[in-house]
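Chemist: Pasting a structure below so you can have a look.
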Amino acid sequence: MKPLRRLMVVLTAGVAAMSLAPAAQAAQDPVLASPYLYQWGAKPNPVTVMNQTGVKAFTLAFILSDGGCNPAWDGTRPLTGADATLIRDIRAAGGDVVPSFGGWSGRKLGQHCSSATALAGAYQKVIDAYQLKAIDIDIEAAEFENATTQDRVLGALKIVEQNNPGIKTVVTMPTNRSGLNSWGLRLVTRSKELAAPVDVWAVMPFNFGGPSDLVAGTKSAVDGLKNHVKATFGLTDDAAYRRSGLSSMNGITDTGETVTTAQFRAIRDWATTKHLSRFTFWATNRDKGNCGGSTSDCSGTNQGTYDFTRIVAGYTG
């Protein structure tokens, strides 16, 4: 995501897996409705957010490279420490997490690991550290617009799926209004060619380049994704929608578009009719209104605190 939306986070190795075993009552599918939460700026307390909104999962951003083929939160913090405590607190409250690898800026593991095997090893360190049910690969910028790194990421996800039966993998990527750009089309096609299973393909339908109707833009972007997933894997429309998802942005976007709570609710209702496997947004940190312009801590619009998170919490697929 662009700088305003998503800075990067990285996880380093060496955490005892048993220390963060998922709570017995944790959310069954953390992928379905898990707004992004990042660890810079005025970070809200996730347990408070859960209690006030009913949301049960968060997508934690971002895991990056520490300069080599080793994961670290925001590229600097180890897998232990405050981030581990955060995950433990969310699970103790009955929730769960999906760590997100990548984002718009920072050092990407897909670029700093020399092979699919090495990259899978970096992903595995995070999976083992937190006993994860799912991971999100937010592939953007130079990691996205490069055939070698695309193939490396897909190869790594194939290894991860083989070594972690039942884990859910999400690939989140940019989109045009009409659907995937040439790099997105390639990524989905190559996953079929490389036999790299991806459970959910998600697009970010915003930052199209200026004010526009983002309800219509979201529908057309997801429809374009669905059509390519359908054609690539020989699926029905219904099955292809169920392999698709979206990550919107609350309030004013980086390019001056606006998503109001009413519009976001309309997007959720449409997603429900299509049974999308993922409905989320960037980000709970910004889920506040009447606080000035659009920043990393404010939506820039007239809204109640956590209104968008409440809408996500009501999504059942």
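Under UniProt numbering, the first residue of the sequence shown is numbered 1, with each subsequent residue one higher. Built from N, CA and C at the ideal position, the CB exists for glycine as well.
Let me confirm a value: residue 28 is counted as buried when at least 16 other C-beta atoms fall within 10 Å, else exposed. Which label applies?
Modeler: Start at 1 with the first residue of the sequence shown, and residue 28 comes out as number 28. Residue 28 should be labelled exposed.
Chemist: Give the DSSP-derived three-state secondary structure of residue 311 in the structure shown.
Modeler: The residue you call residue 311 lines up with position 311 of the sequence shown. Reduced to three states, the DSSP call for residue 311 is helix.
Chemist: Assuming residue 172 and residue 136 form a contact by the criterion Cβ under 8 angstroms, report the distance between their Cβ atoms to the nearest whole angstrom.
Modeler: Within the sequence shown, the letter at position 172 stands for residue 172. Within the sequence shown, the letter at position 136 stands for residue 136. Yes, they are in contact, since the Cβ atoms of residue 172 and residue 136 sit about 6 angstroms apart, within 8 angstroms.
Chemist: Report the start-end ranges of each alpha helix (DSSP H) in the segment 105-170 that is 4 residues or longer and not cut off at the edges.
Modeler: Those alpha helix (DSSP H) runs which fall completely within the segment 105-170 and span 4+ residues are 109-112, 116-130, 141-144 and 147-163.
Chemist: List the residues that DSSP assigns as beta-bridge partners of residue 278.
Modeler: As a first step, residue 278 must be located in the sequence shown, where it is residue number 278. For residue 278, which the question treats as bridged, DSSP gives the partners 245.
Chemist: Counting beta carbon pairs with one atom in the segment 182-193 and one in the segment 213-222, are three or more of them shorter than 8 angstroms?
Modeler: no
Chemist: Check whether the segment 257-267 and the segment 296-306 are in contact - that is, three or more C-beta pairs closer than 8 angstroms.
Modeler: By the Cβ rule, the segment 257-267 counts as touching the segment 296-306, because three or more pairs are nearer than 8 angstroms.
Chemist: DSSP three-state label for residue 40, please.
Modeler: For the purposes of this step, residue 40 is taken as residue 40 along the sequence shown, with counting starting at 1. Note: residue 40 maps to coil in three-state DSSP.
Chemist: Whole angstroms is fine: what's the gap from residue 63's alpha carbon to residue 76's?
Modeler: Counting from 1 along the sequence shown, the entry for residue 63 is found at position 63. Counting from 1 along the sequence shown, the entry for residue 76 is found at position 76. If you take the alpha carbons of residue 63 and residue 76, they lie about 9 angstroms apart.
Chemist: So, with DSSP's three-state summary, where would you put residue 96?
Modeler: On the sequence shown, position 96 is the one that residue 96 refers to. Reduced to three states, the DSSP call for residue 96 is strand.
Chemist: Residue 21 to residue 80, Cα distance in whole Å?
Modeler: The sequence position of residue 21 within the sequence shown is 21, counting from 1. The sequence position of residue 80 within the sequence shown is 80, counting from 1. Because residue 21 sits at a pLDDT of 43, beneath the cut-off of 50, its placement in the model cannot be relied upon, and the following sentence gives the value as read from the coordinates. Using only the alpha carbons, I get a separation of about 14 angstroms.
Chemist: Looking at the unbroken beta strand (DSSP E) that takes in residue 235, where does it start and where does it end?
Modeler: Position 235 of the sequence shown holds residue 235. That residue, residue 235, is in no beta strand (DSSP E); it is neither H nor E in DSSP.
Chemist: Residue 46 to residue 307, Cα distance in whole Å?
Modeler: Along the sequence shown, read from residue 1 onward, the residue named residue 46 stands at position 46. Along the sequence shown, read from residue 1 onward, the residue named residue 307 stands at position 307. Cα to Cα, the separation comes out at about 15 angstroms.
Chemist: What are the partner residues of residue 65, as DSSP defines its beta bridges?
Modeler: Along the sequence shown, read from residue 1 onward, the residue named residue 65 stands at position 65. In the DSSP output, where bridge partners are listed per residue, residue 65 has 71.
Chemist: What whole-angstrom Cβ distance do residue 313 and residue 54 have, given they're in contact under 8 angstroms?
Modeler: Working through the sequence shown from its first residue, we reach residue 313 at position 313. Working through the sequence shown from its first residue, we reach residue 54 at position 54. Their Cβ separation, rounded to whole angstroms, is 4 angstroms, which keeps residue 313 and residue 54 in contact under 8 angstroms.
Chemist: Hey, out of 193, 212 and 187, whose CA is closest to residue 202's CA?
Modeler: Position 202 of the sequence shown, counted from the first residue, corresponds to residue 202. The candidate whose alpha carbon is nearest that of residue 202 is 187.
Chemist: Locate the alpha helix (DSSP H) running through residue 203, then write down its first and last residues.
Modeler: Taking the sequence shown and counting its residues from 1, one reaches residue 203 at position 203. If you look at residue 203, you'll find it isn't in any alpha helix (DSSP H); it sits in the beta strand (DSSP E) that goes 200-204.
Chemist: With burial defined as no fewer than 16 other Cβ atoms inside 10 Å of the residue's Cβ, what is the status of residue 282: buried or exposed?
Modeler: Translated into the one-based positions of the sequence shown, residue 282 becomes position 282. Classification for residue 282: buried.
Chemist: Considering only the beta carbon of each residue, do residue 200 and residue 244 sit closer than 9 angstroms?
Modeler: Counting from one through the sequence shown, the residue named residue 200 turns up at place 200. Counting from one through the sequence shown, the residue named residue 244 turns up at place 244. Yes, the pair counts as a contact, with Cβ atoms nearer than the cut-off.
Chemist: If we ignore side chains and look at the alpha-carbon of each, how far apart do residue 255 and residue 215 end up?
Modeler: Residue numbering aside, residue 255 sits at position 255 when the sequence shown is read from its first letter. Residue numbering aside, residue 215 sits at position 215 when the sequence shown is read from its first letter. Those two C-alpha atoms are separated by around 16 angstroms.
Chemist: Is it a yes or a no for the segment 28-43 touching the segment 124-131, going by three-plus beta-carbon pairs under 8 angstroms?
Modeler: no
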